[in-house]
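Working notes for the structure below.
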Amino acid sequence: MSTGPAALDIDGLLTRTPTVRRRLDLTRPVPRPLLTECLRIALHAPNGANRQNWRFLIIDDPRTKAGIARHYKATSDAYLAATPPGAMSERAVAGVRYLADHLHRVPALVLAAVHGRLPHDAPLAQQSGFFGSVYPALWSFMLAARSRGLGSALTTVHLAREREVAELVGIPADEVTQIALLAVGHITGGPDFRPTPRRPLDEVLSWNRWQH
19 MSTGPAALDI DGLLTRTPTV RRRLDLTRPV PRPLLTECLR IALHAPNGAN
69 RQNWRFLIID DPRTKAGIAR HYKATSDAYL AATPPGAMSE RAVAGVRYLA
119 DHLHRVPALV LAAVHGRLPH DAPLAQQSGF FGSVYPALWS FMLAARSRGL
169 GSALTTVHLA REREVAELVG IPADEVTQIA LLAVGHITGG PDFRPTPRRP
219 LDEVLSWNRW QH
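Numbering (the working numbering), first residue to last: 19 to 230.
Here's what the structure looks like:
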């Protein structure tokens, strides 16, 4: 089994696995066995009723990546244009723009999907289970990748053109719903990250009765 900065204990791994955009190595390929190793681990994540209804498409073909990147760039630009001033930090905006400008050069993309489509009036519980059953596996993939010296960025921006991307990669869009996209690559600038900055716990935690 591959090892990277896996000397991190579990708490270190959980607090030092950020979204990586500008530090993705765009020149160094990620071997397929390394990607499948991470995905094999991710499949052990919990999911609704243990249906394992997820499907994953790994994309490393340059022409296909370029096609996805064109759609991603258009939807990302529209997303940023619609974002109110101050809603995102300048650093966050710069990271989003960087990924949109360089997605075609990212060594590998992992597209997560699930069989089936929700009706437009699906109740909240059904929506939560449908989408939420895939995200633990995506996070597990990100952790497995981080422990092997890889970085990743999870994004859903391309879903504004889900049908176009589906056609590009052969997904039957009436039967399969795309959930998210992971950009994956080796990390530049050293293997370590500081703990991701977060609000103090007291600002987001209530006990027994909502206080926020």
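Beta carbons are placed, not taken as given, at the ideal position from N, Cα and C, and that holds for glycine.
Owing to the predicted nature of the structure, the values given are computational and were not obtained by experimental measurement.
Bridge partners - residue i, DSSP secondary structure assignment
i	result
L172	L200
I77	L127
H133	V194
I205	L42
Presumed contact (8 Å Cβ cut-off) between residue i and residue j, rounded CB distance
i	j	result
V128	F148	With 8 Å as the limit, V128 and F148 do not qualify as a contact, their Cβ atoms being about 19 Å apart.
A198	A130	5 Å
R41	I205	5 Å
V187	V48	The Cβ separation is near 18 Å, so there is no contact.
R179	L52	About 29 Å; that fails the 8 Å criterion.
L200	L156	7 Å
Q196	L177	6 Å
The beta strand (DSSP E) enclosing residue i, as first and last residue numbers
i	result
R217	Per DSSP, R217 belongs to no beta strand (DSSP E) and is neither H nor E.
Range covered by the alpha helix (DSSP H) that runs through residue i
i	result
A2	Nothing can be reported for residue 2: it is not among the residues displayed for the chain, which extend from 19 to 230.
R40	Careful: R40 lies outside any alpha helix (DSSP H) and carries neither H nor E.
L156	153-165
A143	142-150
T33	28-33
Buried or exposed (CB count within 10 angstroms, at least 16 for buried), residue i
i	result
N226	exposed
M19	Unreliable placement is indicated for M19, whose pLDDT of 46 sits below 50; no coordinate value is reported for it.
N68	exposed
T54	exposed
N86	The sequence given here places Ile at residue 86; Asn does not occur at that position. So I86 ends up on the buried side.
R164	buried
A162	buried
P125	buried
S224	exposed
W72	buried
R39	buried
Ignoring anything shorter than 3 residues or poking outside the stretch 42-107, list the beta strand (DSSP E) runs there in chain order. 72-77
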